[in-house]
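Visitor: Take the sequence shown: its letters are residues 5 to 665, numbered as in the numbering used here. This is the structure I want to talk about, given as structure tokens.
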Amino acid sequence: MWNSLSIRTQLSLLISGMLLVVTSVTLLQASWLDTKERQVLAVEMSHALNKAMSQDMLKAMLLNESDLLSDLSFRFSQFDSLDDVLLTNTEGQKIFEFNRKQHKYDHLIKAATSQPQFEGEDLYVKLPLEADGHLFGNVTYVIDMQSITTQLNEHFTTLAIIFPIEIILGLILATWIGHHQTQPFKKLALAMVESDPTVKAATPLMTRAKNEIKALFDGYNQMMSQIYQATQKMRYQAERDQLTGLYNRYFMESEIRQALKSEADMPFVLMGIDLDQFKLINDSAGHVAGDELLKMIALQAQNTLPKNALMARLGGDDFFILLKNTTEADALSFAKQKLEQLKDFRFSWENRTYSVSACIGMVAFKPNQYTPEELTKAIDNAFYTAKSQGRNKLHVYQPNDNQTQRFNQEVITAGFIKEALAEGPARFELFAQAIVHLQKETDLVSYEILLRLWDSQGHFVAPDNFLPTAERYQMMAEIDGFVLWQYLTQATQNPSHIQKLETVHINLAGSSLNNSDFQAKVKQAIIHFNFPWQKLELEITETSAVGNFSQAQAFIAWLKNVGIGLALDDFGTGMSSFEYLKSLPFDVVKIDGSFVKDMHKDPSDKAVIRYIHEISELRGQKTVAEYVETQADVDVLTAIGITYGQGYFLGKPKPLTDWLV
5 MWNSLSIRTQ
15 LSLLISGMLL
25 VVTSVTLLQA
35 SWLDTKERQV
45 LAVEMSHALN
55 KAMSQDMLKA
65 MLLNESDLLS
75 DLSFRFSQFD
85 SLDDVLLTNT
95 EGQKIFEFNR
105 KQHKYDHLIK
115 AATSQPQFEG
125 EDLYVKLPLE
135 ADGHLFGNVT
145 YVIDMQSITT
155 QLNEHFTTLA
165 IIFPIEIILG
175 LILATWIGHH
185 QTQPFKKLAL
195 AMVESDPTVK
205 AATPLMTRAK
215 NEIKALFDGY
225 NQMMSQIYQA
235 TQKMRYQAER
245 DQLTGLYNRY
255 FMESEIRQAL
265 KSEADMPFVL
275 MGIDLDQFKL
285 INDSAGHVAG
295 DELLKMIALQ
305 AQNTLPKNAL
315 MARLGGDDFF
325 ILLKNTTEAD
335 ALSFAKQKLE
345 QLKDFRFSWE
355 NRTYSVSACI
365 GMVAFKPNQY
375 TPEELTKAID
385 NAFYTAKSQG
395 RNKLHVYQPN
405 DNQTQRFNQE
415 VITAGFIKEA
425 LAEGPARFEL
435 FAQAIVHLQK
445 ETDLVSYEIL
455 LRLWDSQGHF
465 VAPDNFLPTA
475 ERYQMMAEID
485 GFVLWQYLTQ
495 ATQNPSHIQK
505 LETVHINLAG
515 SSLNNSDFQA
525 KVKQAIIHFN
535 FPWQKLELEI
545 TETSAVGNFS
555 QAQAFIAWLK
565 NVGIGLALDD
575 FGTGMSSFEY
585 LKSLPFDVVK
595 IDGSFVKDMH
605 KDPSDKAVIR
615 YIHEISELRG
625 QKTVAEYVET
635 QADVDVLTAI
645 GITYGQGYFL
655 GKPKPLTDWL
665 V
């Protein structure tokens, strides 16, 4: 109850209580002092009476005349405070007694001594009756102290009247003090209730006080300012991309949801921008250079944005621009202008200059036309279509065009892949194709693991129809991990097969090398399976190797230390193939089948094969020729010195289970 009262009420009650306590203590002290004074006066009175009446009492004792005793009674009656007087001889026999009120004071008289004693308002004391140094008896006095008037007692009534008036005045004063002294706290409490520094800056509180109240107000003002600044900082961090200062994905998604729910009948356009070959710049020049490029692109874009536009960085090199109240035609003109600006953009870093371009996907929409998920799917579709057309391309989303239908099919395929990964061997089946030794005959077998996908209806889905989708939807690391684990599971159940196995090649996407989940899966497999790891070769294509090997050096070194080999697949298709052959740590080089297929018609292809083999042989690397389709192919490749051949002539792919029989 007390805690629910206002400070003003509490202060008034406390002051009033203090006044009551002080008043009560003062009255009690006055009463105590009055009692003490009356006791002193009563004692003095008893001694004075004893001295004044001693001769008369002695005469009455010795003569024992009734007249003398009556005279004593009369004289004692003149003292209003005297209630009882008992005169006794030395043997304790009563000689005379004066009793004013006819009360029985026997118990007091018996208890009386020479030391004054008090009971209630009565004093009783026994004093000696002496003359010329001789004791003739004792006189016991009982005095009523109530009838004794003191100076304090004369003013006590006045005090009793004045004190209530003082209390009333004190209460009034307490109320005023409570109101005046609590006003700053009331002002502070009201300000705290009405102010919300998370929304806007609070108005500073001012005071004329120079004491603790000023310190309290200053503390409040500082606290509110700090909360507002911290809130603004947190809001900025929550809404902004820390690298570029643009809005972030969270803020853009919120704006898109608001646009889709808008009640205004206005057109919107969502543009997605993706830089071409940003990963190449990032990998070759380093992440610091990549970050600097992104900041420069963001700064240039902000300076050219229309007033009704918002730009956000979603992550990596992906950007969104939301144009409000903008027609598709105006947005298209702006997008083309943006492409031209990026096309002419040059980025210099450490004495090297890079050309920068971008692809733009664009979706025009009105409120309630799409759900957020549908709009995201549409902009992804436009992105995909623009990038599939090459560099510096623009695509405007149309619900029924061929590219949209192709994108939708990829979404369905991605769903098939996720289902297959969940169901495992029932949907994903491992096949193997022979890799045959060309330079000698051997009983050992080598093969490359291939993957086949069956849809939910049991129909075969060709690798070319689902692997690009898996790459686009970043599922290759999970697929590669599944293939590795599933092969090891099946192979280690057949120790006799492992004994006659020379090497097994398992394909990897370049992105898997840098994927922490895949790396953890490989390390887990090393612990889980009892497999001769020197018989395992992990294949990666030349184009994938270029961008991923530099970022996975520690993992590659670990693989080599365990004994796992690395094979470079589709070699010869890149622009700088021989430079990579010299710098990358491969054990096996697989020559792209396009050279083998045309080597009989084009001598330069045959020369390339020979040159690849000679370089590989110098580096201690084995070679594998792909697309071996005829005996003539085998003869030529064997004559050149190629280590292994692979193709339909040497063996068609067949289920892994057939190899393990």
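The beta-carbon is built from N, C-alpha and C at its ideal position, and this holds for glycine as well.
1) Can you say whether H617 is buried or exposed, counting buried as having 16 or more other CB atoms within 10 angstroms of its CB?
2) What is the DSSP secondary structure of P607, counted as helix, strand or coil?
3) Using a Cβ-Cβ cut-off of 7 Å (strictly less than) and excluding sequence neighbours within five positions of R253, which residues of its own chain qualify?
4) Just reading off the beta strand (DSSP E) that V89 is part of, what are its end residues?
5) Looking at the strands, I want to know which residues DSSP matches up with E123.
6) At the level of alpha carbons, what is the spacing between F470 and D459?
7) Whether or not the region 60-78 and the region 26-35 are in contact is what I'm after, with contact meaning three or more pairs of Cβ atoms, one per stretch, closer than 8 Å; do they touch?
8) Is the region 298-316 touching the region 230-242, taking contact as three or more C-beta pairs under 8 Å?
9) Do you know whose CA, among C363, A629, P467 and A418, lies nearest D280's CA?
10) Could you please give me the residues that DSSP links to S359 through a beta bridge?
11) Buried or exposed for A135, going by 16 or more other Cβ atoms inside 10 Å?
12) CA-CA distance, T94 and Q150?
13) Are at least three pairs of beta-carbons, each pair with one atom in the region 395-403 and one in the region 420-439, less than 8 Å apart?
14) Express the C-alpha separation of E543 and L505 in angstroms, rounding to a whole number.
15) Does the region 287-296 come close enough to the region 338-349 to have 3 or more Cβ pairs within less than 8 Å?
16) For I421, which residues in the same chain have their Cβ closer than 8 Å to its Cβ, ignoring the five residues on either side in sequence?
17) Going straight from the alpha carbon of L654 to that of V612, what length do you get?
18) First and last residue of the alpha helix (DSSP H) that includes W562?
19) Tell me where the alpha helix (DSSP H) around R239 begins and ends.
20) Grab the span of the alpha helix (DSSP H) containing A529 for me, first residue to last.
21) So the candidates are S81, K130 and N286; which of them puts its Cα closest to the Cα of N103?
22) For N385 and S392, what's the separation of their Cα atoms in angstroms?
23) May I ask you to report which of helix, strand or coil DSSP gives Y477?
24) Would a C-beta distance cut-off of 8 Å place L540 and G576 closer than the cut-off?
25) Here's a check: name, in chain order, each residue in its chain whose Cβ is nearer than 7 Å to the Cβ of T92, leaving out the five neighbours to either side.
26) Please classify E630 as buried or exposed, where buried requires at least 16 neighbouring CB atoms within 10 angstroms.
27) Round the Cβ separation of M275 and M366 to the nearest angstrom and send it over; I've been treating them as touching at under 8 Å.
28) Our contact map puts L379 next to F369 with C-beta atoms below 8 Å; I'd like the distance itself, whole angstroms only.
29) Could you say if the region 643-659 and the region 440-450 meet the contact criterion of at least three C-beta pairs nearer than 8 Å?
30) Identify every residue that forms a DSSP beta bridge with T627.
31) Among the candidates A438, Y491, I646 and T545, whose CA atom is the shortest distance from the CA of K658?
32) Using the Cβ count rule (16 or more neighbours within 10 Å means buried), how would you classify A263?
33) If you count every other CB in all the chains shown that lies within 10 Å of the CB of N286, and 16 or more means buried, which is it?
34) Using 8 Å as the threshold, is the C-beta distance between S85 and D148 below it?
35) Would you check if the distance between the CB atom of L284 and the CB atom of N498 is smaller than 8 Å?
36) Is it buried or exposed, R356, if we count other Cβ atoms within 10 angstroms and call 16 or more buried?
Guide: Concretely, from the data shown:
1) Position 613 of the sequence shown holds residue 617. Label assigned to H617: buried.
2) As a working mapping, residue 607 is identified with position 603 in the sequence shown. Note: P607 maps to helix in three-state DSSP.
3) Reading the sequence shown from its first residue, position 249 is the one you call residue 253. Excluding positions up to five away in sequence, the list reads A316, L318 and G319.
4) Residue numbering aside, residue 89 sits at position 85 when the sequence shown is read from its first letter. Where V89 is concerned, the enclosing beta strand (DSSP E) stretches over L86 to N93.
5) Working through the sequence shown from its first residue, we reach residue 123 at position 119. Bridge partners of E123: D126.
6) Position 466 of the sequence shown, counting from 1, holds the residue named residue 470. Position 455 of the sequence shown, counting from 1, holds the residue named residue 459. When rounded, the distance between both Cα atoms is 11 Å.
7) no
8) no
9) Here the question's residue 280 lines up with position 276 in the sequence shown. For D280, the nearest C-alpha among the options comes from C363.
10) Here the question's residue 359 lines up with position 355 in the sequence shown. Answer is R350, bridged to S359.
11) Residue mapping note: residue 135 aligns to position 131 of the sequence shown, counting from 1. Exposed is the call here.
12) Position 90 of the sequence shown, counting from 1, holds the residue named residue 94. Position 146 of the sequence shown, counting from 1, holds the residue named residue 150. Rounded to the nearest angstrom, the two C-alpha atoms are 32 Å apart.
13) no
14) The count along the sequence shown starts at 1 and reaches residue 505 at position 501. The count along the sequence shown starts at 1 and reaches residue 543 at position 539. The alpha-carbon atoms of L505 and E543 are separated by roughly 17 Å.
15) no
16) As a first step, residue 421 is located in the sequence shown; it is residue number 417 there, counting from the start. Within the same chain, I421 has close Cβ partners L457, F470, T473, A474, Y477, M479 and I483.
17) Indexing the sequence shown from 1 puts residue 654 at position 650. Indexing the sequence shown from 1 puts residue 612 at position 608. When rounded, the distance between both Cα atoms is 22 Å.
18) On the sequence shown, position 558 is the one that residue 562 refers to. It spans Q557 to V566 - the alpha helix (DSSP H) in which W562 sits, taken as one unbroken run.
19) Numbered from 1 along the sequence shown, position 235 holds the residue referred to as residue 239. Run containing R239: E216 to E243, per the alpha helix (DSSP H) assignment.
20) Residue mapping note: residue 529 aligns to position 525 of the sequence shown, counting from 1. Residues S520 to H532.
21) The sequence position of residue 103 within the sequence shown is 99, counting from 1. Checking every option, the nearest Cα to that of N103 belongs to S81.
22) The sequence position of residue 385 within the sequence shown is 381, counting from 1. The sequence position of residue 392 within the sequence shown is 388, counting from 1. Cα to Cα, the separation comes out at about 11 Å.
23) On the sequence shown, position 473 is the one that residue 477 refers to. Coil at Y477, not helix or strand.
24) Looking up residue 540 in the sequence shown gives position 536. Looking up residue 576 in the sequence shown gives position 572. Taking 8 Å as the Cβ cut-off, L540 and G576 do not qualify as a contacting pair.
25) Counted from its first residue, the sequence shown places residue 92 at position 88. Counting only Cβ-Cβ distances below 7 Å, and skipping sequence neighbours, we find K98, I99, G141 and N142.
26) One-based indexing of the sequence shown puts residue 630 at position 626. Under this definition E630 is a buried residue.
27) As a working mapping, residue 275 is identified with position 271 in the sequence shown. As a working mapping, residue 366 is identified with position 362 in the sequence shown. About 5 Å; that satisfies the 8 Å criterion.
28) As a working note, residue 379 is residue 375 in the sequence shown. As a working note, residue 369 is residue 365 in the sequence shown. Right, the Cβ-Cβ distance comes to about 6 Å (below 8 Å), so this counts as a contact.
29) yes
30) Within the sequence shown, residue 627 is the residue found at index 623, counting from 1. In DSSP, T627 forms a bridge with V593.
31) What you label residue 658 is simply residue 654 of the sequence shown in a count that begins at 1. Selected option, being the one with the closest Cα: A438.
32) Against the sequence shown, residue 263 aligns to sequence position 259. Per the 10 Å Cβ criterion, buried.
33) Translated into positions along the sequence shown, residue 286 becomes position 282. Flag for N286 reads buried.
34) Within the sequence shown, the letter at position 81 stands for residue 85. Within the sequence shown, the letter at position 144 stands for residue 148. Yes, the pair counts as a contact, with Cβ atoms nearer than the cut-off.
35) Here residue 284 refers to the residue found at position 280 when the sequence shown is read from its first residue. Here residue 498 refers to the residue found at position 494 when the sequence shown is read from its first residue. Cβ atoms of L284 and N498: not closer than 8 Å.
36) Counting from one through the sequence shown, the residue named residue 356 turns up at place 352. By the neighbour-count rule (16 or more Cβ atoms within 10 Å), R356 is not buried but exposed.
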